[in-house]
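A.B. asks: Submitted below is the structure of interest, expressed as structure tokens.
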Amino acid sequence: MEPLNVYAARLITTKEYFTPGHRACQGCAEALAVRLVAKALGRDVIVSAATGCMEIVSSNLPYTAWKVPWIHVAFENAAAVASGVEAGLKVLMRKGKLPKKKIYSLAMAGDGGTSDIGLQALSGALERGHNMLFVCYDNEAYMNTGIQRSSSTPYGAATTTSPAGKVIKGQTTWKKNVAEIAAAHSIPYVATACPSYPFDLMKKVKKGAEADGPAYIHILSVCPTGWRIPPDLSIRIGRLAVETGIFPLYEVENGKYNINFVPEKLRPVEDYLKPQGRFRHLTPEMIEKIQNRVNKEWEKLKAKAGLCE
Amino acid sequence: MGKRVGMEVSIGAAEAVKLARAECIAAYPITPQTHIVEHLSELVNNGELDAEFIPVESEHSAMSVCCGCSAVGARTFTCTSSQGMALMNEILFIVPAMRLPIVMILANRSLSSPLSIWNDHSDIMSIRDTGWIQLFAENGQEVVDHVLFAFKVAENPNVLLPVMINMDGFILSHVIEPIELPDQDVVDKFLPPYNPVQRLHPDHPITMGAFAIPDLFTETKKAQEEAIKSSFPYIIKAWDELGNTIGRYYNPIEKYKSEGKKILFITMGSFGETVMTAIDMMEEKGIDVGLIRIRLWRPFPEKEFLDAIKDADILIVIDRAITFGGMAGPVTTEIRSVLYHEENMPAVVGFICGLAGRDVTPKDYERMVEIAKEKVKKGKEKEYEIYGVRE
């Protein structure tokens, strides 16, 4: 994917569907991801959004940042609302009450609205086989309410409910792997993505939207506010997450794994952890523990993709 | 006109949903609502109803799916009970605020704990203030008629609010009654296809469910209150039209032998029929009592209610739910509030009974009349009573 970056500006549509003027923080990679997802899907989409950062920054009554039809109902039900959108369109088109046309049903939620409170609705929608795309914008904590830990917060990270205390140092559990949970539903398309790799991200969004059945894309969305980094490092940190193997980019197409970016050698996790304030307190032992876990998970993933010697 | 045939009320309700040509149905099974969704899924799977049946993983998702369906312009139905209703509680508030004309049957059942599958009104009373138009059916035919009526009202562009039909669990849902299903062409004339004022569609993008800062929130809520208050004349009009179509006329407040009576029962739901029997029995004994049934609970028909009770000295209000730590049952409290500014305020005696399906017989009502008279004589009408409780 590297050479594509040269032509970046020319390859991406100049049309904006998630428009400027929203109220996201400086350097918000989640807003960037939302923008890229919207560009990839174009005008013929209906977005069902969960409560969270992206809902709050884009829909301040009576304003809206959305140029596509958009609905927000509650926190935990984006997948259910998007199921309804899909079912409604299906029956209305079948009955000739709406002109037949491909209109994507997109559900979007943060990591809380996906891996915690929204997991049941997500699983239900994936199991029922709706023709919809669920995108999780994972900034690894409840950022909208003030950086509280979620099940998607990585081990060791300090949040306001997993503080780096004198006895307990940050998050004590490993990040829940929702992409694997989605894949366990045997849906046609699952992928991970990161806005630091915009072409890869957009390609996956298009693939997911065109899949025959439910699709799930898990997007790592760097949050300078919550991760305690300068806003200009968002893209760099996203790249480091991929280069260290902490957040591998891969797809599962009809059960077949494909890793999209396989470095010759993974960078040490320390390169990713060091610049971030949320990991400031990590001891060498904790870093080593993270490194071992990343190595193990990376090998597991490579095995699934048939890349092991 | 259709033929009157014996059928289970739940089957009748599902057949009415089919006659209404519902396009999306999302539901999760819960006793005593199950027979409705079972029959609906049969109708869909047999190709008798061209609709999407979405068998969701919870009631929370049921109402959420309904939001999506309704927002793209599909005629949408769901039904639930008790715990299921409690689980969808969060979304129940959002539906009317977003002006989505969803129709729901609530097969009324007690809220846990202790767990009980039987009937009372603790479920509906806990969601009184969600902003739905709320109706109470007394028998199976009323359930069937009101499914058609509910879509007519909800989808009226001057209303655009969800409608909830309360149907007593088991007492109505599981009994076989003679029910007349109107012919399809009659229903089609009464209820044309839903034509939404606006819908989610890429050709005219809208944003639904934006958040409001304090500067705007109060205004949006005032607008919602205006919407439900001003729905009243359209509700009356729809009842007139329904009556002209099927020959059965309904009113927000129904009266039974109430003219000139000094003592009146006030009931909601299926209790009305037993009270009518009780009144007939008492009449033979020379006890003069009438009945007022509240069919329309929200928006509350204040004027019609006051008009109906104007000659009464004693109102005996039957509640099927408890307001824990409150002054009386929820309906009694409401009635007192309606009467507060009246010059000749009747005494209001509240009884709570029939919790979790406990039978209340005509004899019990007769006893309540005696207790009520006694209470009023002693000036103790303010104290409500949980009738028949073993202490």
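These protein sequence lines map, in sequence, to chains A and B.
Per numbering that gives the first Met the number 0, residue 0 is the first one in the first sequence, and the count goes up by one each step.
Per numbering that gives the first Met the number 0, residue 0 is the first one in the second sequence, and the count goes up by one each step.
Ideal placement from N, C-alpha and C gives every residue a C-beta, glycine not left out.
1. In terms of residue numbering, what span does the beta strand (DSSP E) encompassing Arg297/B cover?
2. Taking 8 Å as the CB-CB cut-off, is Glu89/B touching chain A?
3. Give me the Cα-Cα distance between Ala25/B and Gly83/A, rounded to the nearest whole angstrom.
4. Would you please state the rounded distance, in angstroms, between the beta carbons of Ser257/B and Ile291/B? I believe it to be under 8 Å.
5. Report yes or no: do three or more beta-carbon pairs, one from the segment 289-305 of chain B and one from the segment 322-342 of chain B, lie closer than 8 Å?
6. Three Cβ pairs or more, each shorter than 8 Å: is that satisfied between the segment 159-175 of chain A and the segment 183-203 of chain A?
7. If you measure from the beta carbon of Pro213/A to each beta carbon in chain B, is any gap under 8 Å?
8. Okay, do the segment 149-157 of chain B and the segment 289-302 of chain A touch, 3+ Cβ pairs below 8 Å being the bar?
9. Is the beta carbon of Val142/B sitting closer than 8 Å to the one on Gly324/B?
10. Output yes or no for whether 8 Å exceeds the beta carbon distance between Ser109/B and Leu171/B.
11. State yes or no: is the C-beta of Gly87/A nearer than 7 Å to some heavy atom of the ligand SAM?
12. Determine the direct distance from the alpha carbon of Asp137/A to that of Gly109/A, and round the result to whole angstroms.
13. Would you mind stating whether Cys420/B and Ile317/B have Cβ atoms separated by less than 8 Å?
14. Using 8 Å as the limit for Cβ to Cβ distance, is Pro28/B near chain A?
15. Expressed to the nearest angstrom, what Euclidean distance is found between the alpha-carbon atoms of Leu97/A and Met131/A?
16. DSSP three-state call for Asp122/B: helix, strand or coil?
17. Cβ of Trp65/A within 8 Å of Cβ of Phe133/A?
18. I need the boundaries of the beta strand (DSSP E) containing Leu263/B, first residue and last residue.
19. Are the C-beta atoms of Cys66/B and some chain A residue less than 8 Å apart?
20. Just verifying my parser: in three-state terms, what is the DSSP assignment at Trp297/A?
21. Less than 8 Å between the beta carbons of Val117/A and Glu75/A, yes or no?
22. Ala211/B versus chain A: which residues are under 7 Å apart at the beta carbon?
23. Give me whichever residues DSSP pairs with Gln275/A in a beta bridge.
24. CB-CB under 6 Å to Ile53/B, same chain, minus the five flanking residues each way: which ones, in chain order?
25. Taking 8 Å as the cut-off, decide whether the C-beta atoms of Ala140/A and Ser150/A are in contact.
26. If the cut is a Cβ gap below 7 Å, which residues of chain B does Thr63/A touch?
27. Is the beta carbon of Tyr188/A less than 8 Å from the beta carbon of Ala156/A?
28. Could you compute how far the alpha carbon of Gln25/A sits from the alpha carbon of Lys17/B?
29. Is the Cβ of His71/A closer than 8 Å to any Cβ of chain B?
30. For Ala106/B, which residues does DSSP report across the bridge?
31. Thinking C-beta only, is Glu176/B closer than 8 Å to Asn138/B?
32. On the premise that Ser230/B lies in contact with Ile132/B, defined as a C-beta separation below 8 Å, what is that separation, rounded to the nearest angstrom?
33. Classify Cys307/A as buried or exposed, calling it buried when 16 or more other Cβ atoms lie within 10 Å of its own Cβ.
34. Looking only at its chain, what residues have a beta carbon closer than 7 Å to the beta carbon of Met124/B, apart from the 5 residues adjacent to it on each side?
35. I need the straight-line Cα distance from Thr273/B to Thr360/B, nearest angstrom please.
36. Quick one: residues in its chain with C-beta nearer than 8 Å to the C-beta of Gly305/A, no 5 flanking neighbours on either side, listed in chain order?
C.D. replies: Reading from the atomic positions:
1. Residue mapping note: residue 297/B aligns to position 298 of the second sequence, counting from 1. Run containing Arg297/B: 295-297, per the beta strand (DSSP E) assignment.
2. For the purposes of this step, residue 89/B is taken as the residue at position 90 of the second sequence. For Glu89/B, the answer is yes, since a Cβ of chain A falls inside 8 Å of its Cβ.
3. For the purposes of this step, residue 25/B is taken as the residue at position 26 of the second sequence. For the purposes of this step, residue 83/A is taken as the residue at position 84 of the first sequence. Spanning the alpha carbons of Ala25/B and Gly83/A requires a straight line of approximately 8 Å.
4. Here the question's residue 257/B lines up with position 258 in the second sequence. Here the question's residue 291/B lines up with position 292 in the second sequence. So it is a contact: roughly 6 Å between Cβ atoms.
5. With the cut-off at 8 Å, the segment 289-305 of chain B and the segment 322-342 of chain B touch.
6. The segment 159-175 of chain A is not in contact with the segment 183-203 of chain A.
7. Residue 213/A sits at position 214 when you count from the first residue of the first sequence. Not an interface residue.
8. Because the criterion of three Cβ pairs below 8 Å is not met, the segment 149-157 of chain B and the segment 289-302 of chain A do not touch.
9. Taking the second sequence and counting its residues from 1, one reaches residue 142/B at position 143. Taking the second sequence and counting its residues from 1, one reaches residue 324/B at position 325. Cβ distance not < 8 Å, so Val142/B and Gly324/B don't count as in contact.
10. On the second sequence, residue 109/B is found 110 positions in, with the first residue counted as 1. On the second sequence, residue 171/B is found 172 positions in, with the first residue counted as 1. No, these two residues do not count as a Cβ contact at 8 Å.
11. By its list of ligands, the structure shown contains no ligand whatsoever, and the ligand SAM lies outside what it can speak to.
12. Here residue 109/A refers to the residue found at position 110 when the first sequence is read from its first residue. Here residue 137/A refers to the residue found at position 138 when the first sequence is read from its first residue. Taken atom to atom, the span from the alpha-carbon of Gly109/A to that of Asp137/A is near 5 Å.
13. As displayed, chain B neither begins before 0 nor continues past 390, which places residue 420/B out of reach and without an answer.
14. In the second sequence, the residue the question calls residue 28/B occupies position 29. False, the Cβ-Cβ gap to chain A never drops below 8 Å.
15. What you label residue 97/A is simply residue 98 of the first sequence in a count that begins at 1. What you label residue 131/A is simply residue 132 of the first sequence in a count that begins at 1. Answer to the nearest angstrom: the Cα atoms are 18 Å apart.
16. Mapped onto the second sequence, residue 122/B falls at position 123. Taken through DSSP and simplified to helix, strand or coil, Asp122/B comes out as helix.
17. One-based indexing of the first sequence puts residue 65/A at position 66. One-based indexing of the first sequence puts residue 133/A at position 134. It is not a contact, given that the beta carbons lie outside the stated cut-off.
18. On the second sequence, residue 263/B is found 264 positions in, with the first residue counted as 1. According to the DSSP assignment, Leu263/B belongs to the beta strand (DSSP E) that extends over 262-266.
19. Within the second sequence, residue 66/B is the residue found at index 67, counting from 1. Chain A contact via Cβ: present.
20. As a working mapping, residue 297/A is identified with position 298 in the first sequence. If DSSP states are grouped into helix, strand and coil, Trp297/A belongs with the helices.
21. Stepping through the first sequence from its first residue, residue 117/A is reached at position 118. Stepping through the first sequence from its first residue, residue 75/A is reached at position 76. The sequence shown places Gly at residue 117/A, not Val. It is a contact, given that the beta carbons lie within the stated cut-off.
22. Here the question's residue 211/B lines up with position 212 in the second sequence. Around Ala211/B, the beta-carbon contacts reaching into chain A at under 7 Å are Leu60.
23. Your numbering for residue 275/A matches position 276 in the first sequence. Note: Gln275/A is not bridge-paired with any residue in the DSSP secondary-structure output.
24. Here residue 53/B is taken as the residue at index 54 of the second sequence, counted from 1. In its chain, beyond the 5 residues on either side, Ala25, Val64 have a beta carbon closer than 6 Å to the beta carbon of Ile53/B.
25. Numbered from its first residue, the first sequence carries residue 140/A at position 141. Numbered from its first residue, the first sequence carries residue 150/A at position 151. No, the Cβ-Cβ distance between Ala140/A and Ser150/A is not below 8 Å.
26. In the first sequence, counting from the first residue as 1, residue 63/A sits at position 64. Ordered by position in chain B, the residues that pass the 7 Å Cβ test against Thr63/A are Thr206, Ala209.
27. For the purposes of this step, residue 188/A is identified with residue 189 of the first sequence, where counting begins at 1. For the purposes of this step, residue 156/A is identified with residue 157 of the first sequence, where counting begins at 1. With contacts defined by Cβ atoms closer than 8 Å, Tyr188/A and Ala156/A do not form a contacting pair.
28. In the first sequence, the residue the question calls residue 25/A occupies position 26. In the second sequence, the residue the question calls residue 17/B occupies position 18. Gln25/A and Lys17/B have their C-alpha atoms roughly 53 Å apart.
29. Along the first sequence, read from residue 1 onward, the residue named residue 71/A stands at position 72. His71/A counts as touching chain B.
30. For this step, residue 106/B is matched to residue 107 along the second sequence. When beta bridges are read from the DSSP output, Ala106/B appears opposite Met166/B.
31. Numbered from its first residue, the second sequence carries residue 138/B at position 139. Numbered from its first residue, the second sequence carries residue 176/B at position 177. Cβ distance < 8 Å, so Asn138/B and Glu176/B count as in contact.
32. On the second sequence, residue 132/B is found 133 positions in, with the first residue counted as 1. On the second sequence, residue 230/B is found 231 positions in, with the first residue counted as 1. Separation of the CB atoms of Ile132/B and Ser230/B is rounded to 6 Å, and the pair is thereby assigned contact status at 8 Å.
33. Position 308 of the first sequence holds residue 307/A. It is exposed - the Cβ of Cys307/A has fewer than 16 other Cβ atoms within 10 Å.
34. If you number the second sequence from 1, residue 124/B lands on position 125. A distance below 7 Å between beta-carbons, with the five flanking residues on each side excluded, links Met124/B to the following residues of its chain, in chain order: Ala320, Pro329.
35. For the purposes of this step, residue 273/B is taken as the residue at position 274 of the second sequence. For the purposes of this step, residue 360/B is taken as the residue at position 361 of the second sequence. Take the alpha-carbon of Thr273/B and the one of Thr360/B: they are about 7 Å apart.
36. As a first step, residue 305/A is located in the first sequence; it is residue number 306 there, counting from the start. Within its own chain, the residues whose Cβ lies closer than 8 Å to the Cβ of Gly305/A, once the five positions on either side in sequence are excluded, are Tyr256, listed in chain order.
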